[in-house]
């Protein structure tokens, strides 16, 4: 039996407002409440709610046979709770069917995996707890922000207790290998890897409504035909995409909802495929081969690397300056600061600073609040400057305490050799993160 | 004594330096008892010329059958201006110009061959055409009015001045507020340069706004030194004495660059100096306020240096925000590569901010209570910034004497000097 593994991503950042230099030092409201609310409401109405409705109907109709998986960032969940609680309810209904798997990721849809092990761990655990709280399930599989993955991240994820990871299936990693098999990490074979079939995923996510595409219009029958035409060794077809594909990136009038509605029936009638979730796939299949992924990959752009977020000097600068604050932030327990710390880590801020003009970023371009990457950088750095002032003030007392404790800490760090190991790993990750070796 | 003056702008429709400077001068001249007829290509009707007679060139008809114009019309062809020809424009105007150029908007306000011509004013794409047409109108005006002298402000009006002189034989004074080298560096627009030079050659006297500009006029335009005199600009007293009580929210000292972010203003030297200061001193923030074609490059440079948590960009500032920015500043830096005069440090000093200015600015010739460095000498600039931030006696001294000094740089002195020049000619004739 062959599997179709549907995975949908939902993430929306808290976009920053136009934060001016004159605001630094006294105004601490960073976010564009209006835009964030408006966008979330629009998406709920156009995409999330109608698509959920369809999924729920399909599950009712086909029972256990129809299964899908989601990853919803903690930041997106917060916005739904705040602006569109009906979407949360709708997901709760889906969760209650038992046919929907919720994956875990970093709470803040952050790039912490490339920079800070402790922050990464913290965010994954926070997200786990959030999913448990809202949907009553403990996630069993992991997906990192924008499907960013490499061997190091695989090891971190394993340490967190996960052995199933979904990521991109880029040509430069797979070469002649098929994405339609289960793989495992070469550095830790217990970590199973599901690789996105970007050809078929993007046929739906990006090309569905492109009229000058030779395959337009795409129908369930045609798509199922392609699935059947995949080689006999095919075990799983990973269709990973943004959930906004339904109703936003592909508007309702393109017929995308009809496609979603009719697809399962055609699959059941005309193919030998079934629907599975990532952890089911990982449990059912044997890895075909180990994969070495030394440098981080992602699902962005033609290059499938991380240069959309950390590809120019502005992005690296903002990223480094942000994480320079990590230690200070963790030493204070001001809820407001911790909350903003999370929201400032959201990868979208760095994405807006990208100078790669031909990126596939067209997908989220609609919601990009900036005219240019330079504006994005200036605005972010203004906010960060204010945040830094607050952090320094809030932990001024704490730092003094720590200075007193300093000698004691030294002794401790000798005993615990965990730290040096971490330090040794970090530079490697950072190097890949964009070539800046600066702290 | 009556002077026919050709300008390009008149308050409130000014784009910056040129309009402000010629207005300041005319007011001072009136005070000295000089009668003025001030011609602008386009009057909007809401100007308050006071006792100046303002002539709108768009209202002046010319007889196109007249021999005098024949020659012009034959030679005149439609010329599009693509470079930024503006004499020290404000950033706002700079923005507008760039926008205009990008949109390719040209004001088609009537044929060049009709008897009346509606000037677009400002600095549109057909600027050169307007400059020539302005010269034709000048002939009609020169015939109509009675005057003793002709005075032309900047190259835009030189052809007009030249024609007025040709028709009437009255002495011509041309006023260099900026040279083409200031505006364009070494890549000068040859047409503009030619107009400038022809104007100065035809003139009986050339007034330069600084010694620096005077030497450019002599060395690069080959004008005889005896013919060129320096009359430094003045500065208008503040329009409204509203000492904004600005609350400062930042603990750090603030060092400010405020101006167009273009090659001429030397923004990169400010950044390099900032980097040097920040290596030593964490308790300072740098601000680059303004916009321009080098902004993005500057942002990348700051990011690359890793100082962007201490170096901020505000974008283009207008109105109150400029005052606010000055009020928040502890040091003002003007590292201009080439600045015929440079009025912004005077504004900073008026707000009690000590200033560091480049030796390559005209204003350096008149200011005593300012630190002067070569624009390229980032070490000296960093030293000066550090000194002003740390050795309290320095800013105190500069504040104490600087304000007084600025208050004494008045247009009245400039007016007196210009009047003396006028008188030379009157006694001669």
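Protein chains in written order, with this note's numbering: chain A, 17 to 455; chain B, 1458 to 1886. C-beta atoms are modelled at their ideal positions from N, C-alpha and C, and glycine is treated no differently. Every value quoted in this text rests on a predicted model; they were computed, and no experiment measured them.
Coarse secondary structure for residue i, derived from DSSP in three states
i: residue 25(A); result: strand
i: residue 211(A); result: strand
i: residue 1869(B); result: helix
i: residue 1863(B); result: helix
i: residue 1665(B); result: strand
i: residue 1635(B); result: coil
i: residue 262(A); result: strand
i: residue 1677(B); result: helix
i: residue 483(A); result: Residue numbering for chain A in the displayed model covers 17 to 455; residue 483(A) lies beyond these limits and cannot be assessed.
i: residue 433(A); result: Here residue 433(A) scores only 41 on pLDDT, less than 50, and its place in the model should not be relied on; the value that follows carries that caveat. DSSP places residue 433(A) in coil when its eight states are reduced to three.
i: residue 1807(B); result: helix
i: residue 127(A); result: coil
i: residue 1924(B); result: Limits of chain B in this structure are 1458 at one end and 1886 at the other, which puts residue 1924(B) out of reach.
i: residue 386(A); result: coil
i: residue 1688(B); result: coil
i: residue 193(A); result: coil
i: residue 290(A); result: strand
i: residue 1875(B); result: helix
i: residue 1608(B); result: strand
i: residue 1510(B); result: strand
i: residue 1649(B); result: helix
i: residue 1843(B); result: helix
i: residue 177(A); result: coil
i: residue 1496(B); result: strand
i: residue 1562(B); result: In this prediction, residue 1562(B) scores a pLDDT of 35, lower than 50, which makes its location untrustworthy; the coordinate-derived value is nonetheless stated afterwards. It is coil, neither helix nor strand.
Proximity test, Cβ basis, 8 Å: residue i and chain A
i: residue 1749(B); result: no
i: residue 1707(B); result: yes
i: residue 1733(B); result: no
i: residue 1770(B); result: yes
i: residue 1622(B); result: no
i: residue 1775(B); result: no
i: residue 1459(B); result: no
i: residue 1881(B); result: no
Residue environment, residue i, which counts as buried when at least 16 other CB atoms sit within 10 Å
i: residue 153(A); result: exposed
i: residue 1854(B); result: exposed
i: residue 208(A); result: buried
i: residue 231(A); result: exposed
i: residue 1505(B); result: exposed
i: residue 74(A); result: buried
i: residue 79(A); result: exposed
i: residue 310(A); result: exposed
i: residue 188(A); result: exposed
i: residue 1884(B); result: exposed
i: residue 305(A); result: exposed
Cutoff 8 Å: residue i Cβ touching any chain B Cβ
i: residue 199(A); result: no
i: residue 337(A); result: yes
i: residue 104(A); result: no
i: residue 231(A); result: no
i: residue 343(A); result: no
i: residue 333(A); result: yes
Contact belief for residue i with residue j at Cβ below 8 Å, rounded distance in angstroms
i: residue 1462(B); j: residue 1493(B); result: 6 Å
i: residue 407(A); j: residue 126(A); result: Wrong, their Cβ atoms sit about 17 Å apart, outside the cutoff.
i: residue 1838(B); j: residue 1732(B); result: Contact doesn't hold; Cβ gap of about 11 Å is too wide.
i: residue 1742(B); j: residue 329(A); result: Residue 1742(B) to residue 329(A), Cβ: 20 Å. No contact.
i: residue 1851(B); j: residue 1710(B); result: About 13 Å; that fails the 8 Å criterion.
Can you pull out the residues from the segment 17-38 of chain A whose beta carbon lies closer than 8 Å to at least one beta carbon of chain B?
36, 37 and 38
Residues of the segment 299-331 of chain A with Cβ closer than 7 Å to any Cβ of chain B, in chain order
329 and 330
Residues of the segment 396-407 of chain A with a CB closer than 7 Å to any CB of chain B: list them in chain order, please.
397, 398, 400, 401 and 404
Scan the segment 1738-1768 of chain B for residues whose Cβ lies nearer than 9 Å to a Cβ of chain A and list them as they occur along the chain.
1742, 1744, 1746, 1752, 1753, 1756, 1757, 1758, 1759, 1760, 1761, 1762, 1763, 1764, 1765, 1766, 1767 and 1768
Selection of the segment 38-54 of chain A by Cβ proximity to chain B, strictly under 7 Å
38, 40, 41 and 42
Under 7 Å (Cβ pairs) to chain B, residues found in the segment 346-374 of chain A:
none
The segment 382-394 of chain A: positions lying closer than 7 Å to chain B by Cβ
390, 393 and 394
Please identify, using Cβ separations under 7 Å, the residues of the segment 1781-1813 of chain B that lie next to chain A, in order along the chain.
1781
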